[in-house]
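Working notes for the structure below.
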Amino acid sequence: MRELLVLIFTLVVTLVGVDAAANPMGYPACPQHHQPEFYCCSTSSTTREVYTKFRRPTGGSYEDDYKTGWAQPRQVNFPYVRYSPDSPVFTYADAKSVCRIQSVVIDFQTGELQQKLQCSSENVSLVEDSQDASIFWTSPSNPRNNNASFPIGAQCISLMLSDGSVDEEKKNSCKSDQKDEHFQITNFGEPPLVGVYFVYLVCFALLTFWNFHRQMIYRKNCTVMDDKSSSGMSDILSRTKYELISADNSESQLVQTGYSFSSLGRIVFVYFVMATVLLHILLIIVICDYYDCFTPHLFDPLSASATVFFLVWLIAAVWLITIVVYQQDLVNFFRTPSSLNNCEFAHMVKNDDTEIMLTDPTGVSFLVAKVENWLNISGKLRGFQETVRVEVIGGKRVVDFQHLRYIYNEELRQFAPTEISIGHTYGDIGAGISGLTTIEAQKRLQTIGLNTVDVDMPSLFTSVLHEFLTLFYIYQIMCYYVWYYFTYWNMGIVMTLVVLGTAVINIYTKRKMQAAIVKMTRYRTEVSVFRDNHWLKLESSQLVPGDLINVPENWILPCDLVIVKGSTVCDESMLTGESMPVQKSPIPDHSNTIYDSEGRGKKHTLFSGTLVLSSGRNEEIHAVVLTTGAHTTKGQLIQSILFPVPMRFKYDEHLKALIVLLLIYSSIACVIGISFLLSNGKLNNKTTAFCYCIFMISAVVSPLLPVVITVGQVNAATRLQKKGIFSLNVKRISLCGKVRVFCFDKTGTLTKQGLDYLGFQSVDMISNSFLPISKDTNNLMEVTKCALATCHSVGSLDGKLVGNEVEVRMFEATGWKLLEREGAQPVVKSPTGDEFEFIKRFDFDHHRMSMSVVVRHRITGRLLVFCKGSYERMQQLSKPDSVPSEYKEVADGLARNGCYVLGLSYRELPSNWSNQKIDEFLSDRDKVDENLSLLGLILFRNELKEDTKDAIKQLKSGDIRVVMITGDNAMCGCYIARNSGMVVPDSRVILADIERTGSGVNTKLGQVEWRDVDSGAVIDYQTVKNMTTNGEDVELAVTGAVFNRLKDSSEMTQILFHVRIFSRMTPDDKVECVKMHMEAGAVTGMCGDGGNDCGALRIAHVGIALSDTDASVVSPFTSKPKTIHSVVDICREGRCSLATSFASVKFLIMYGPMDLHSSDYPT
């Protein structure tokens, strides 16, 4: 960018420094120094032409240069070709090789003249005529100023006076007599032109009348409303079009304007479209007339034609630019403005000033944005806008905007969004098990709309309009019109074909992407719904919140549901990318606990678009519809794809600034060039200079700029698809080429998805110390065996265990069996016949970093609480006297050696507790996790994927900073980071964690402690900062707690790019970490396998989900091969795309200014 600006500045200075009025005689190479002799040759009684005999200049300081130039090999370009002729090569010094154009008068009466190429090798007389190598003949009609001779058969007389000067009077009169040509249009008052005048006078009259008519209707409506209410609807009608209004229940500001259909407006619109088409027809007619398509000519090609073309071209350019600028409002201009309470159409503008802009140290992006805001004098809001038809449903005026239903609110005097809540607590939701009545369901359907998020495939005509109705396409079209007119038709055709080909590719690519979204969103199925106290079959689009439905197995869910009866297993990979099925259970009965679908209530929620699998239990599953349509989780994700937050990339902003500078430069070139043409060039027709001006502008600001920017992206997307990497937005590919930080999840991304059970390290209850690791569970205590067999959320699917991979491996190691029966809690059975039934499961909580279960022995009634989680968390929850003194050192050592370490604790409850006492106990999660005793550590082995190390190496060699963001333990993260090459093995790693005092639920957090991972030495924070500032070979690792602590104190931003490992990060922490890198100015990527990475994947500049689906709503990019080599491929293709685009743009930009100094312009 900087080099291009310097180049443009240099060229501008060069142009400005040219003296357009310099004396031609001052140049040694001017014709006067060649001692010219002039002759007037007549080839007929009316045809005359001046022939000039030049001599090579002699004497002076330039004589040697002239001799050198005169001796250069050359060719006669005849017949004329634009580039390299195929005629023989000759030099003036060699008379036997000289070639020239010989003109022969065939008929003096008619003036018929024949020209042919003549060479000495074929004509002996030419050898004799060419003995004097210092002579050169030419004439004005000689193509390309080639070597020539007197025409044979012509009558030639000398124009030279006795003193050696030319007779200027005779020279000026030596020209052909003007032909008495007749043209169809001479005084611009002919009937065809009068008809054209009339067409456009009527057009402007209709537009003026229609605008006046609209204003009258607008004022009339205002007056009527003022009579009805001094503060009523008139406030809406009298406001400016883009005044902000917002409903109390609206999440964002929304501008609404009413319009109604008008037959007169439709007639004016059709006439306007016809007038637009006619402008292009007129341009084509003028161009065809220039190429002798009409006999006689319509206009004089030497004068009137250029003027007419210029006027029509200028009107067409302004006309089309106006259409493009106001295309969003054009259709509504031909409708009558109406109040929202009786309009037929509502123009909705969702104001969204939220923009993501990459940090630009140069300040160019900020300047461009500031200029754009200043030019936005109309106050037009940014955001998505659409004109939708108003419908009357059930006596209510409704519109559907962005797949959400809005109902007209009389109090707010606008359309307000609607939403139906079925309750906030489990008890509220459970009250819906009786279903709805048909009348109530119909009311809700009218209020909320159909249960669909259908994206309509635009027509091909609409796609074509959206592609071509841009300012740069208008610029291209108008430039090519000039090229066609100005005998540059051959290159014009080539360029037109290139632009059309690119447009076809763009339209095809966009429609292919739209087809993928249509396929993703369009879904219909039959549902069994409980209404009016009986079950009936309905289409899924008729579902409303509060409906009670039966959930069959192997069924794709059409909406978000809350299970009220039965349990099932669900495949949520479509939404999260997580391939492991998730177990779902019914909500607790009559509970006042707040329901949160994304929090603890997630285990009771079935999400739209996910697949209910076959559990093999033949259990009847009932669920209450929570949300439908765009309100569902899938609907909101689709909305984020269809209506994303606008992003301003600094490269696009720089390109805008560059185009403005090029336009300024080309304008200066136009002024200087036209000055030359009108003075020294003696151009008579000033409007012809306009054509040269357009050529200069199109040479500098090439019409092919959008083409070369797109071609790299399209080709990169094609290559990525062949590798199984898909994207719904090819523009993101170029951004991949500028990634500077790439964040990776650990488990399932850097490492293999599955974990191998390594064993259990028990705590000796007597000595309160660790025993050796045991892989055989038969060697463990009975309570430990029971803990391993019950402390999980594992379910079964067709006889196979499903759930979290870690828990499945742990349960399989025990050799116990899982028994699930319809309408009953699951039971685990030991090989010896002992059976424990689950009383309550508290699923894993990211904030607690633990899960708990309460089980009961089916025979003895023994009640046990088991709690499993991160070993740090289990140290806090367990009683101090049950935790070995070397607990932290042992656990850290195991994690440092690559083990996935979990702590396991238990507590035995009184067996004589009543059910009421148990229910009271279970209602408080904190009480469940109190007074636990540590049983030991569960160990798993987490291995790297085979190609992870090589991929990390390639990314680092490409100057991309690789970072790990994991929910796992910091020590395990350090082990994986070193093994993968993310951290150099010899580098010093310093871990920051929070000091903790106390135990159990009374644990208190202290200060941030920095400790060397290998030596365990504590280091103060200032020393750590000095290490990073001085460039020492040190890598930092922080836990989630430290990350949040430092973020709140703004310290995190100072050391952000020195932290390599972020551990114990919750899904929200991952999002904040990625955002922090982005806000620091780095183009940031995120790679994960879905699940708790979804938020970070969606917000990153470049999010890559390792998923089995071709395209998903998880992230901008989806990779079917579950390898981080896909990250390498995407970054490589992004850089290729950028290199292609930048190289092409630089070529076009540098070629244009150089072409300004070339004489190869069409004539």
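For what it's worth, our numbering labels the leading residue of the sequence shown as 113, then goes sequentially.
For every residue, glycine included, the Cβ atom is placed at its ideal position computed from N, Cα and C.
Sequence-distant residues of the same chain with beta carbon closer than 8 Å to residue i, five excluded per side
i	result
Phe956	Ser905, Asn916, Ser962, Met963 and Gly981
Met1188	Lys1159, Met1164, Thr1165 and Leu1168
Ala901	Phe923, Thr926, Trp928, Val940, Ser942 and Phe948
Val1153	According to the sequence provided, residue 1153 is Ala. The question's Val does not apply to it. Correct list, in chain order: Asp1105, Ile1106, Leu1117 and Arg1176.
Ile560	Arg517, Thr530, Glu531, Ile532, Val656, Pro657, Thr740, Gly741 and His743
Ser874	Phe882, Leu883, Ser886, Leu892, Met893, Thr896, Leu1047 and Gly1048
Gln1301	The first residue shown for the chain is 113 and the last is 1275, placing residue 1301 beyond what the model contains.
Any non-hydrogen atom of the ligand FAD closer than 6 Å to residue i Cβ
i	result
Ser752	You won't find the ligand FAD in this model; it holds no ligand whatsoever.
Element boundaries [alpha helix (DSSP H), containing residue i]
i	result
Tyr983	Tyr983 to Leu989
Val437	Ala416 to Val437
Phe923	Glu917 to Thr926
Glu484	Val476 to Leu487
Asp1062	Thr1060 to Ser1069
Gly1164	Strictly speaking, residue 1164 in this sequence is Met, with Gly absent from that position. Run containing Met1164: Met1164 to Ile1167, per the alpha helix (DSSP H) assignment.
Phe384	Ser375 to Tyr402
Between the CA atoms of residue j and residue i - distance to the nearest angstrom
i	j	result
Glu651	Asp708	28 Å
Phe872	Leu1034	28 Å
Thr1060	Ile776	51 Å
Asn361	Gly544	Caution is warranted here: a pLDDT of 38 is assigned to Asn361, below 50, making its placement in the model unreliable, and no coordinate value can be reported.
Asn890	Lys897	8 Å
Asn521	Pro529	10 Å
Ile348	Val367	Low confidence applies here, because Ile348 scores a pLDDT of 32, under 50, leaving its location unreliable and the question unanswered by this model.
Val201	Phe807	32 Å
Leu1016	Leu1051	11 Å
Gln825	Lys843	7 Å
Val576	Ile619	7 Å
Lys1039	Phe478	55 Å
Lys858	Pro1097	18 Å
Ile951	Phe978	12 Å
Val920	Ala1194	39 Å
Val511	Gly535	26 Å
Asp338	Ser778	Bear in mind that the predicted position of Asp338 carries a pLDDT of just 45, short of 50, making it unreliable; the figure below should be weighed with that in mind. For Asp338 and Ser778, the distance between alpha carbons rounds to 55 Å.
Leu870	Val1013	10 Å
Ser814	Val480	21 Å
Segment limits, beta strand (DSSP E) that includes residue i
i	result
Phe1156	A small correction: the amino acid at residue 1156 is Asn; Phe does not occupy that position in the sequence shown. No beta strand (DSSP E) contains Asn1156, which is instead part of the alpha helix (DSSP H) from Gly1152 to Asp1160.
Val819	Note, Val819: premise wrong, no beta strand (DSSP E); alpha helix (DSSP H) at Leu817 to Lys834.
Val813	Premise fails: Val813 is in no beta strand (DSSP E) and is neither H nor E.
Phe838	Ile837 to Ser839
Lys941	Val939 to Lys941
Asp1181	Unbroken run through Asp1181 is the alpha helix (DSSP H), Pro1179 to Glu1191; no beta strand (DSSP E).
Arg1090	Counting along the chain, Arg1090 falls outside any beta strand (DSSP E), though it belongs to the alpha helix (DSSP H) covering Ala1082 to Ser1092.
Arg1073	Arg1073 to Ile1077
Nonlocal neighbours in the same chain, by C-beta distance under 6 Å from residue i, ignoring five residues either side
i	result
Thr1235	Asp1059
Lys677	Pro698 and His734
Val914	Val681, Pro693 and Gly907
Asn1091	Leu1056
Lys165	Glu149 and Trp249
Trp595	Gly604
Cys591	Ser810 and Pro815
CB-CB length for residue i against residue j, believed under 8 Å
i	j	result
His392	Ala428	7 Å
Contacts around residue i, its chain only, beta-carbon distance under 7 Å, and the 5 residues preceding and following it disregarded
i	result
Asp566	Thr633 and Arg634
(Q) Report the start-end ranges of each beta strand (DSSP E) in the stretch 143 to 183 that is 3 residues or longer and not cut off at the edges. (A) Runs of the beta strand (DSSP E) lying entirely within the stretch 143 to 183 and spanning at least 3 residues, in chain order: 149 to 154 and 160 to 167.
Q: Return the chain-ordered ranges of every alpha helix (DSSP H) run that is complete within the stretch 509 to 586 and spans a minimum of 4 residues.
A: The DSSP assignment places 538 to 542, 550 to 560 and 572 to 580 as complete runs of the alpha helix (DSSP H) inside the stretch 509 to 586, in order along the chain (cut-off: 4 residues).
(Q) Extract the residue ranges of the alpha helix (DSSP H) inside the stretch 668 to 715, only unbroken runs of 4 or more that lie entirely within it. (A) Complete alpha helix (DSSP H) runs here, min 4: 685 to 688.
Q: May I have a chain-ordered list of the beta strand (DSSP E) segments no shorter than 3 residues that lie completely inside the stretch 1011 to 1046?
A: With a minimum length of 3 residues, the continuous beta strand (DSSP E) runs that stay inside the stretch 1011 to 1046 are 1011 to 1021.
Q: Please list the segments of the beta strand (DSSP E) lying wholly inside the stretch 256 to 327, counting only runs of 3 or more residues, in order along the chain.
A: Assignment of beta strand (DSSP E) within the stretch 256 to 327, counting only whole runs of 3 or more residues, yields 267 to 270 in chain order.
Q | Within the stretch 184 to 267, ranges of the beta strand (DSSP E) (whole runs, at least 3 residues) | A | For secondary structure counted as the beta strand (DSSP E) over 3 or more consecutive residues, the stretch 184 to 267 holds these complete runs in sequence order: 211 to 219, 224 to 231 and 247 to 250.
Q) Which ranges does the beta strand (DSSP E) cover as unbroken runs of at least 3 residues, wholly within the stretch 578 to 642, from first to last along the chain? A) None, since the stretch 578 to 642 contains no complete beta strand (DSSP E) of that length.
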